[in-house]
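Report on the following structure.
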Amino acid sequence: MSEARMNGRSIRINRLPATIVAILLTIVLVYFLNFHQEERPAIYGMLRSENPSRVNLRKMLIAAIQAAQRGGLEVLDVARSRQLKERSKGKTDEGVNDPFTDADGRSHCVMKQGLQRIFPLVQIFSEEDKEHCRQAHSYDLDPTVLHETAQVPNVAVNARDVTVWVDPLDATKEFTEELYEYVTTMVCVAVAGRPIIGVIHSPFNGQTAWAWVGNSMSEYLATLHPQHAPDSQAPIITVSRSHTAGAKDLARNIFGEDVSLLTAAGAGYKVLQVVANNATAYLHTSKIKKWDICAGDAILHALGGTMTTLNDQLINYGPEESPVNTEGLLATLERHDEYMDKLSKYREAHNGKLA
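Quick note on my numbering: the sequence shown kicks off at 4 and runs consecutively.
Quick look at the structure:
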């Protein structure tokens, strides 16, 4: 409190409110400045100018991990409530029911809207894009989703070169059957059509496998992947549960009598079986959507593996391409050329068909 004189009169000035305001402004400023530039709360963007035509891939990685994990929370919540609100989207090419549940829709809305809010100029494709989201979802970036030793540099690319693929709930059929080990939520970031960031989150065990090609990967993925596979390991081929009929005979005809078959569900889960060396290859002989395979493609690439079509072509994940890969796929960590050669020879002997 101080006094000032005006026209011979004494005026009392209370400095306490001004001091409180100054302290609060200082706290807010320190709060913002202690965040990494690309992870500060969204309101910070109002206080500084950004180039919206550029995308920071470090920021994109963090957002992708958060999106997959937040989608997983929605899946868990619906599973616990048992209010699936299941309906059918029709039949798959194999004649199997293709269900849709409230978990698919809720996960889609959280994942896609959260990503789109942070990256408004990036093209994002989700399996459930036809779903109407009744409420807006958003979140601020949280760098703590990265482990302390993660090597994640600041790299900026043109937003028009980036495509994001979102699978809000992989293995929905198994989700309705409470076969939760197959269920994942996935996000993939492709630049110029090539997958460079992949996130596969398993909601029911809480583990997240992620990788940024040429930079870093999650601790879980590093522990899941063995350092050395057996040199003389017999082929173990993982295929979809819905493809089991005739698959074993086909696998024997292609890869030899000592082949084993690992039937599983969910493209994300099957890729992780290859990563863990529980399978030596993932084979899919019919068409498959790119949101099912993009994240796994990125993760395999980061580990030195390969995913191609059955014509031995890399898969393009650019925005101008079809969301459907019609040429099947082969995914391996090692011996890709050997397996592809056996596939090619079989197809040549059977008029180009796998049957």
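For every residue, glycine included, the Cβ atom is placed at its ideal position computed from N, Cα and C.
> What is the DSSP secondary structure of Y185, reduced to helix, strand or coil?
Replying inline: helix
> What are the residues that DSSP puts in a beta bridge with N59?
Replying inline: A159
>> Quick check for students: name the residue ranges of the beta strand (DSSP E) that lie wholly in the region 236–309, counting only runs of 3 or more.
In response: 239–243, 263–267, 284–287
> With respect to the alpha helix (DSSP H) encompassing A178, which residues constitute its N-terminal and C-terminal limits?
Replying inline: Looking at the sequence shown, residue 178 is not Ala but Phe. Element bounds for F178: 175–179.
> Who are R197's beta bridge partners in DSSP?
Replying inline: V194
> When the Cα of T329 is compared with those of D315, D252, T335, which residue comes out closest?
Replying inline: D315
> Expressed to the nearest angstrom, what Euclidean distance is found between the alpha-carbon atoms of A284 and S243?
Replying inline: 12 Å
>> In this structure, how does DSSP classify R90 when only helix, strand and coil are distinguished?
In response: strand
> What three-state label does DSSP hand P146 in the structure shown?
Replying inline: helix
> A279 to P229, Cα distance in whole Å?
Replying inline: 6 Å
> Taking C-alpha atoms, which residue in V274, I240, L275 lies nearest to T266?
Replying inline: I240
> Who pairs with V327 in a beta bridge, going by DSSP?
Replying inline: K292
> L317 by DSSP, collapsed to three states: which one?
Replying inline: coil
>> To the nearest angstrom, how far is the alpha carbon of S141 from that of N354?
In response: 52 Å
> From P146, V160, D145, D170, pick the residue whose C-alpha is nearest to that of E130; which is it?
Replying inline: D170
>> Assuming S56 and V78 are in contact, meaning their beta carbons sit under 8 Å apart, how far apart are those beta carbons, in whole angstroms?
In response: Actually they are not in contact, since the Cβ atoms of S56 and V78 sit about 34 Å apart, beyond 8 Å.
> Mapping DSSP to helix, strand and coil, what is D340?
Replying inline: helix
>> DSSP three-state label for H111, please.
In response: helix
>> Here's a check: name, in chain order, each residue in its chain whose Cβ is nearer than 7 Å to the Cβ of L286, leaving out the five neighbours to either side.
In response: I240, V242, L333
> From the DSSP output, which residues share a beta bridge with F207?
Replying inline: Paired residue(s): none; F207 is not in a bridge.
>> Spatial neighbours of E222 within its chain, please: C-beta separation below 7 Å, excluding the five flanking residues on both sides.
In response: H150
>> Looking only at its chain, what residues have a beta carbon closer than 7 Å to the beta carbon of K292, apart from the 5 residues adjacent to it on each side?
In response: E130, P326, V327
>> Between the alpha carbons of T312 and L28, how many angstroms are there, rounded?
In response: 57 Å
> Less than 8 Å separating the beta-carbons of I199 and W213?
Replying inline: no
>> Is there a Cβ of chain D sitting closer than 8 Å to that of Y183, yes or no?
In response: The structure shown contains no chain D; it holds only a single protein chain.
> Would you call L124 buried or exposed, if buried means 16 or more other Cβ atoms sit within 10 Å of its Cβ?
Replying inline: exposed
>> Which residue wins for smallest C-alpha separation from V186, given the options A195, A193, P206, V167?
In response: P206
> What does a CB cutoff of less than 6 Å around I46 pick up in its chain, not counting 5 residues either side in sequence?
Replying inline: Below a pLDDT of 50, predicted positions are generally treated as unreliable, and I46, at 42, falls in that range; the measurement from the model is reported next regardless. Taken in chain order, the list of residues that qualify is empty.
>> If contacts are defined as beta-carbon pairs under 8 Å, then G269 and D173 qualify, I think. What distance do you get, rounded to the angstrom?
In response: 5 Å
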